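Per our numbering, the sequence shown starts with residue 1061, numbered consecutively.
Take a look at the structure set out below.
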Amino acid sequence: MSITPLDKVNGHVLPETSHAESWARAGIADAEAEKIRALTAAEVEDRRIKAEAEADAIRIKATEEAVRQRLANERAALRFEREKATELAKIAEANRKKEAEERAAAEEREQAEAAKQAEAATAQAVETATGRWRNTAKGFYALCAAVALPVQMAAFYKPDAKYLLVAPVFIEVIALVALVGAAAAVTAGRPHWHYRLVAWGGALTAATINIVHGLEAFDPATAFGTALASIAGPGMWDLHEHGRIARRDGTLTWRQRRAEEKACRKAAAEKSAADKQAAAEQEAARKAAEERDQELATQREKHFPKVWQHAVKLAAALGETTVTDAVWKRAHNDIEGTDPSESVDIIRGRNAAARRVLAARSEAPGEKPVKVTNAQRAPQMPPARHPGPKARATRRAGDTPKYAAVARRQAAITAREAAKKEEQ
């Protein structure tokens, strides 16, 4: 039997086989090729699904990123608008405050200017009134001198001694000169009483001459009228100077002095009433303190007789008339060994309560309930291998553990019973 080239593979002679064996081998080869093609198609499908999942994940991530960026931009825009509105409100508030301050300053300047003008107008009015008053007083003085001089000159007239007519003028001029000196003293701030005394002496002398000679040579009306003129002129001028003195020294008027005295009496009465009320409150507080101390002493003696007896003795030994807080604290420490706020029973009770709290808070087994996870709620599906964005649900071979045989049989029985119920 001859051997053909087809019967050799890589220089080796193939053994002779039958047609059945050849067909069997060909079927196996076809099956393996089909298996390879199936695996290749599955891998391609897996890769395609994986690529689609990755593309979907990228697209979803891009969409989420775009939404996130849009929301961030909107939040930034809102924050910018809010900050802008806040800044504009602050600027508007600052402008309003500035305008209010400027208006207040302008009003203050206007008020100051108005007050200054009013003060100047008042000063001008006072100066005008003072000048008018001074000129009127001078004119009145001259008029009174003109009225009083004729009677005085008649009193001094003698045909053989006409030079005596100068005497009445001299008497009137004495008062005038003295009053001018008083005005100068008032202006300079010097004593002025002696000038005014000389002026009143001259005026009274002229009035006396007018009365005596007027009654002898004329009638009482002429006598007393000219005497009044002799006094009225210097007196009116002296009133003018008296007003200047009061204004210079700041002397209060009678009405002002009366109002001040009334205010002083009212303040004194209020102070006296306040002092009486304070004294009454102090006395009430003292009585309340004494009652409180007495009640405290009674309570201490009732509830702590041993400590109280020792405290009384200790107070007497220390020179105290009553049991003070310091004496009581020392006596309580001597008898009970602790401060007044504690005792042996209190300490024991506190320790027992602390032990009960510790026992209640104990975490020993069986003394505290323990919560156990429900086994029926355990997930059957295995967790994802790669956490990330959710992909499209796809079932794969072996992705779920196989059910037990008993579970499969029970599921089949349940399905058959459900089908029978539906048929009925």
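Backbone N, C-alpha and C define an ideal beta-carbon position, used for all residues, glycine too.
Remember, predicted model here, so these are calculated numbers, not experimental data.
When secondary structure is reduced to three states using DSSP, Pro-1210 falls in the helix class. Shown here, Ser-1403 sits in coil according to DSSP, grouped into three states, outside any helix or strand. Pairing Ile-1231 with Gly-1262 gives a Cβ-Cβ distance under 9 Å. For Val-1104, the three-state secondary structure derived from DSSP is helix. Where Pro-1251 is concerned, there is no enclosing alpha helix (DSSP H), because DSSP gives it neither an H nor an E.
Around the beta carbon of Tyr-1201, 16 or more other beta carbons lie within 10 angstroms, which makes this residue buried. Ala-1267 sits in a helix when the DSSP states are folded into three classes. In the DSSP assignment, Leu-1356 falls within the unbroken alpha helix (DSSP H) covering 1314–1363. Approximately 6 Å separates the beta-carbon atoms of His-1300 and Arg-1194; this is inside 8 Å, confirming the contact. If you check the CB distance, Arg-1256 and Ala-1244 do not come in under 9 Å. In the DSSP assignment, Lys-1389 falls within the alpha helix (DSSP H) that extends over 1385–1396. With contacts defined by Cβ atoms closer than 9 Å, Thr-1247 and Arg-1304 form a contacting pair. Thr-1282 and Val-1211 do touch by the CB rule: their CB atoms are close to 7 Å apart, below 8 Å. In this structure the region 1326–1338 does not touch the region 1265–1281; the number of beta carbon pairs closer than 8 Å is below three. DSSP, read as helix, strand or coil, puts Asp-1279 in coil. The C-beta distance from Leu-1378 to Val-1387 rounds to 6 Å, short enough to meet the 8 Å contact threshold.
Inclusion of Ala-1277 and Ala-1221 in the CB contact set at 9 Å is not warranted, their separation being larger than that value. Each residue's CA atom was taken as its position, placing Ala-1137 and Val-1127 some 15 Å apart.
Closest by C-alpha distance to Gly-1249, out of Leu-1209, Thr-1381, His-1302 and Ala-1227, is His-1302.
Taking 8 Å as the upper bound for CB-CB distance, His-1370 and Ile-1395 are in contact here, some 6 Å apart. A residue is called buried once 16 or more other Cβ atoms fall within 10 Å of its Cβ, and Pro-1365, having fewer, is exposed.
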